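Report on the following structure.
In our numbering, the protein residues as written are 9 to 340.
What follows is the structure in structure tokens.
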């Protein structure tokens, strides 16, 4: 069976796990190509206008796959941590795709509600594996290999090996900038307009949430006055606040997807919390399907230029601090 994996949303978290799992069960895995303008337009035309950019993009990748595979893997991910939830649109994504894209093949959509323990992950994968093989040993091997691949990917990210083709970390950067956003936004080169590679070309070292200790990031987020119940935004908030407290970070770029209310809230919250403790430059880039690279590049270059001047002037380039705060900026 040819099983399609849309290269969007949770693919950047669990794509390696899913691919290894199905291949170990002798299934042919077809992954949609890296995002391009055609896929973006396709997703925008099929999805409701009110959806955020990543959800529209997912529709485009699913539509690209529909005539090329026998089934599409589209799990219903309710939560991956106890007492926390994924984004509401992500939870309902399977139904959105089913009712938005005509002529879909079979949808493989197991309910994934992980309580945070490895046992619950294994149980979910075992149940799914039995649909493809009656050999328990084979299924157990597939589960083990898939989890090992997932853990290996996490370790590579923490070591600074980002999933961006041709990207290499800098040995002697002039600046270190935290780039905070969802993995499906930061590591999709079309959506992010190659932000990370552009920063690297400016001799700027990039620190993303995946490079930080997730446990410490979650503890940092728990120090906020109110609990964040959404798993991915909580990771963003914890990472941003950790970076804000790191004297080795020269500035933060928060990458938000237009239409995502949680992104808008978390970005503003983190900026306010960081500014109370430290005079750290913080810029928000809001991306949508109309964003163009020229506008984004101009704004990023201005931000990095300001950071370089702060570095040369001892961190004080403006009496009123206006030059240190670029605020909310649309990338288009």
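From the three backbone atoms N, C-alpha and C, an ideal C-beta is built for every residue, glycine too.
A quick note: this is a predicted structure, and the numbers were derived from the prediction, not measured.
In the DSSP assignment, residue 97 falls outside any beta strand (DSSP E) and lies within the alpha helix (DSSP H) extending over 96-99.
Straight-line spacing of the CA atoms in residue 230 and residue 10 works out to 42 Å. In the DSSP assignment, residue 121 forms a beta bridge with 87.
For residue 81, DSSP records a beta bridge to 116. Rounded to whole angstroms, residue 294 and residue 310 show a C-alpha spacing of 16 Å. Around the beta carbon of residue 32, a 10 Å sphere encloses 16 or more other beta carbons of the protein chains shown; the residue is thus reported as buried. In the DSSP assignment, residue 186 forms a beta bridge with 215 and 260. In terms of Cβ geometry, residue 40 and residue 83 do not form a close pair [threshold 8 Å].
According to the DSSP secondary-structure assignment, residue 36 is paired through a beta bridge with 10. The three-state reading of DSSP puts residue 17 in coil, since its state is none of H, G, I, E or B. The beta strand (DSSP E) runs lying completely inside the region 269-333 and spanning 3 residues or more are 290-295, given in chain order. With a threshold of 16 other beta carbon atoms within 10 Å, residue 127 falls short and is exposed. Of 171, 266, 215 and 243, the smallest CA-CA separation from residue 227 is found for 243.
Taking a C-beta distance under 8 Å as the contact criterion, residue 68 and residue 51 qualify as a contact pair. According to the DSSP secondary-structure assignment, residue 93 is paired through a beta bridge with 238. The C-alpha of residue 301 is placed about 14 Å away from the C-alpha of residue 194.
Residue burial annotation: residue 157 is buried, with at least 16 other C-beta atoms found within 10 angstroms of its C-beta. Between the C-alpha atoms of residue 27 and residue 14 there is a straight-line separation of about 11 Å. Look at residue 209 here: in three-state DSSP terms it is helix. Boundaries cannot be given for residue 171, as no alpha helix (DSSP H) includes it and DSSP labels it neither H nor E. Selection 159, 172 and 283 evaluated against residue 197 yields 172 as nearest (Cα-Cα). As a beta-bridge residue in DSSP terms, residue 265 pairs with 295.
Using a 10 angstroms sphere on the CB of residue 190, the tally of other CB atoms reaches 16 or more, which defines it as buried. Annotated three-state conformation of residue 43 is coil, per DSSP. When the alpha-carbon of residue 89 is set against those of 236, 274, 151 and 149, the nearest one is in 236. With contact defined as three or more Cβ pairs closer than 8 Å, the region 96-115 and the region 136-144 are not in contact. Around the beta carbon of residue 167, fewer than 16 other beta carbons sit within 10 angstroms, so the residue counts as exposed. Nearest C-alpha to residue 98 among 298, 120, 79 and 110: 120. Between the region 245-261 and the region 210-224 there are three or more C-beta pairs closer than 8 Å, enough to call the two in contact. For residue 62, the enclosing alpha helix (DSSP H) begins and ends at 61-73.
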